[in-house]
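First residue of the sequence shown? That's 16 in our numbering, and the numbers climb one at a time after it.
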Amino acid sequence: MNLCIDEARLSRELEILGAISESPPPVTTRVLFTEADLRGREFVKQLCRDAGLTTREDAVGNTFARWLGKDPDLPAVGTGSHIDAIPNAGRYDGTVGVLGGLEAIRALARGNFRPRRSIELVIFTSEEPTRFGIGCLGSRLLSGLLEASAAEHLKDRSGTSLDQARLQAGFAGPLSGVRLRDGYYSAFVELHIEQGPILEARQIEIGVVTAIAAPASLRIWIEGEGGHAGAVLMPDRHDAFLAAAEIALGVESAARSTGAMDTVGTVGVCDVFPGAVNSIPNRVRIEADVRDIDQARRDDVLRKIAETCDQVATRRGVQIRIEPLNADPPAQCAPAVVDVLIQACDACGFRYMRMISRAYHDSLFISRIAPTAMLFIPCRSGFSHRPDEYASPEAIGQGTLVLAEALASLAGAA
Ligand code: GLV
Ligand code: MN
Ligand code: MN
Numbered sequence: 016m017n018l019c020i021d022e023a024r025l026s027r028e029l030e031i032l033g034a035i036s037e038s039p040p041p042v043t044t045r046v047l048f049t050e051a052d053l054r055g056r057e058f059v060k061q062l063c064r065d066a067g068l069t070t071r072e073d074a075v076g077n078t079f080a081r082w083l084g085k086d087p088d089l090p091a092v093g094t095g096s097h098i099d100a101i102p103n104a105g106r107y108d109g110t111v112g113v114l115g116g117l118e119a120i121r122a123l124a125r126g127n128f129r130p131r132r133s134i135e136l137v138i139f140t141s142e143e144p145t146r147f148g149i150g151c152l153g154s155r156l157l158s159g160l161l162e163a164s165a166a167e168h169l170k171d172r173s174g175t176s177l178d179q180a181r182l183q184a185g186f187a188g189p190l191s192g193v194r195l196r197d198g199y200y201s202a203f204v205e206l207h208i209e210q211g212p213i214l215e216a217r218q219i220e221i222g223v224v225t226a227i228a229a230p231a232s233l234r235i236w237i238e239g240e241g242g243h244a245g246a247v248l249m250p251d252r253h254d255a256f257l258a259a260a261e262i263a264l265g266v267e268s269a270a271r272s273t274g275a276m277d278t279v280g281t282v283g284v285c286d287v288f289p290g291a292v293n294s295i296p297n298r299v300r301i302e303a304d305v306r307d308i309d310q311a312r313r314d315d316v317l318r319k320i321a322e323t324c325d326q327v328a329t330r331r332g333v334q335i336r337i338e339p340l341n342a343d344p345p346a347q348c349a350p351a352v353v354d355v356l357i358q359a360c361d362a363c364g365f366r367y368m369r370m371i372s373r374a375y376h377d378s379l380f381i382s383r384i385a386p387t388a389m390l391f392i393p394c395r396s397g398f399s400h401r402p403d404e405y406a407s408p409e410a411i412g413q414g415t416l417v418l419a420e421a422l423a424s425l426a427g428a429a
C-alpha cells in the first residue's frame, strides 16, 4: 500500500497535547481527571471527530473512536494507548500511540483504504498509577481483571473515591458496564516509545514486543511515635521515617538479590506525617514497585520485602502494614499479531527486533481479552518518565507507518 504519514502534523499535535499540562513546558504533567487531563481528552476527541470517527466514552472515561468497517458487526481491530502523564513527565509516553494511532487511521483513509472490520482507536483512562495508586485502571476494567466493586472504592491521597472523581469529571453510569464483551476486538496493537535504550543503540527502527514484564506494587504504612525533635532522646524513638528508609533499602537489596538484570525494585512515593522539620515522623506511607519478566522470581522479591518489614517493625518498635496494590502476571503477545507486525516492518523496509517490554502498558490487560502485540520506536537515550523524553518525528512517523500497514492487514480490505 502506498501510505503517507503526515509527520509534521503529527509532531504539531504531539506538541500541542504536550503543552496541555499542569506544569509549564517542557514538563508534561496530566494526572487523571484534572483540568489538564480533561482538556487533553477534549483536544484528542476533537481531532477524532475531525477525522470522521465516531466517538464514545464509558463510565470510567475510556474513550473509543471508531472508523466503521464495511462489516461493522465483525469484531473490530483496536489500537491506542493513554494520554495521562505522571508528574514531571515528557510528552511522548502514551501519546505517540494515541495520536500515532489516529494518524495511522487518517493515512489509511487518505490512501483510499476501506476496512472490512472497523478500526477503533482507544484512549485508555489512567494508565499511570499517579492518582489512585493502580496503573492501567481503564484497561483493567475493560478486561474484567479489576472488579467494578473494587474500583469504586479506590481512594486518592485526599480521600476522594474513584466514583466521586469520575462523576465530577462527567463520567457517569455503572462501572460494571465498562467491561468489554468477549470477542470485542479481533486484534489489538499498541504503538509506544521503547522507554529504554536498546533500539537507539542498535539503530533499529522498530521493536516488536513479544512479552510484557510482570509488575507489582505495594503501599506500605508505617506507624511509629511522634514527638519533639529536640526533646525526645535517640534511644527512646520510634521514628516511622527511619523504618521506611530501611524498608526502601530492603526493596533495593531484595531486587538485587535475585542476581537477574530483569528484576527491578523502586520506592517512588514517600509521604511523611506530620512533615515538620522539628517533629519526629509518626506515620509514613511509601509505595514500592517491583517488576520482573519472571513472575515467580518477582514474587520471591515481594516475600523478601515482607520479611524486611517484619524485622524492621520488631527492631524499631513500629507497626507496619502492607497493602498490595497489584501483582499482575506477565503477558505473552499473540504470535499471529506479532507475525503481522513483522510483515508490516518488512513491507515498510524497516529493520526490527523482537523484544520484551519492561514497562507495563494497557496491552498487558487487553492481551487477556484479545490477541495483542505492541510496536516500539526508539526514544533518545531511552529516557522516559522525565521531561527530556524525546522521540524524533521520523521515528514516530516510521512507527505510525508500520502501525497503519498492520491495521490494514488485520482489518482486511472491504
Ligand atoms: C508505565 O508507565 C510503567 O510504569 O511501566
Ligand atoms: Mn508511563
Ligand atoms: Mn505509557
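For glycine and all other residues, C-beta sits at the position ideal for the given N, C-alpha and C.
Going by DSSP, residue 285 is part of the beta strand (DSSP E) stretching over 279–288. For residue 253, the Cβ stays outside the 7 Å cut-off from all heavy atoms of ligand 3.
Relative to the Cα of residue 47, the nearest Cα in the group 409, 181, 275 and 351 belongs to 181. By the Cβ test, the segment 315–323 is not in contact with the segment 349–360, since fewer than three Cβ pairs between them sit closer than 8 Å. The continuous stretches of alpha helix (DSSP H) do not include residue 273, and DSSP gives it neither H nor E. Residue 339 is bridged by DSSP to 233. Every residue whose Cβ sits closer than 5 Å to any heavy atom of ligand 3 is listed here in chain order: 108 and 109. By the beta-carbon neighbour count (other beta carbons within 10 angstroms, threshold 16), residue 218 is exposed. In this structure, residue 140 lies near residue 76, with their beta-carbon atoms less than 8 Å apart.
In the structure shown, the three-state DSSP call for residue 35 is coil. Secondary structure note for residue 78: its beta strand (DSSP E) is the uninterrupted segment 78–82. According to the DSSP assignment, residue 146 belongs to no alpha helix (DSSP H), since it is labelled neither H nor E. Remark: the shortest separation between the CB of residue 143 and any heavy atom of ligand 2 falls under 7 Å.
The way I'd put it, the segment 369–384 does touch the segment 196–205; three or more beta-carbon pairs between them come closer than 8 Å. Distance check between residue 234 and each of 285, 257 and 19 places 285 closest, using alpha-carbon atoms only.
Shown here, residue 106 sits in coil according to DSSP, grouped into three states, outside any helix or strand.
Contact annotation: the segment 325–338 touches the segment 250–261, with at least three C-beta pairs closer than 8 Å. For residue 350, the secondary structure class from DSSP, reduced to helix, strand or coil, is helix.
Straight-line spacing of the CA atoms in residue 173 and residue 147 works out to 10 Å. Contiguous alpha helix (DSSP H) elements confined to the segment 127–183 occur at 152–158, 163–167 and 177–183, taking only those with 4 or more residues.
In the DSSP assignment, residue 301 falls within the unbroken beta strand (DSSP E) covering 298–307.
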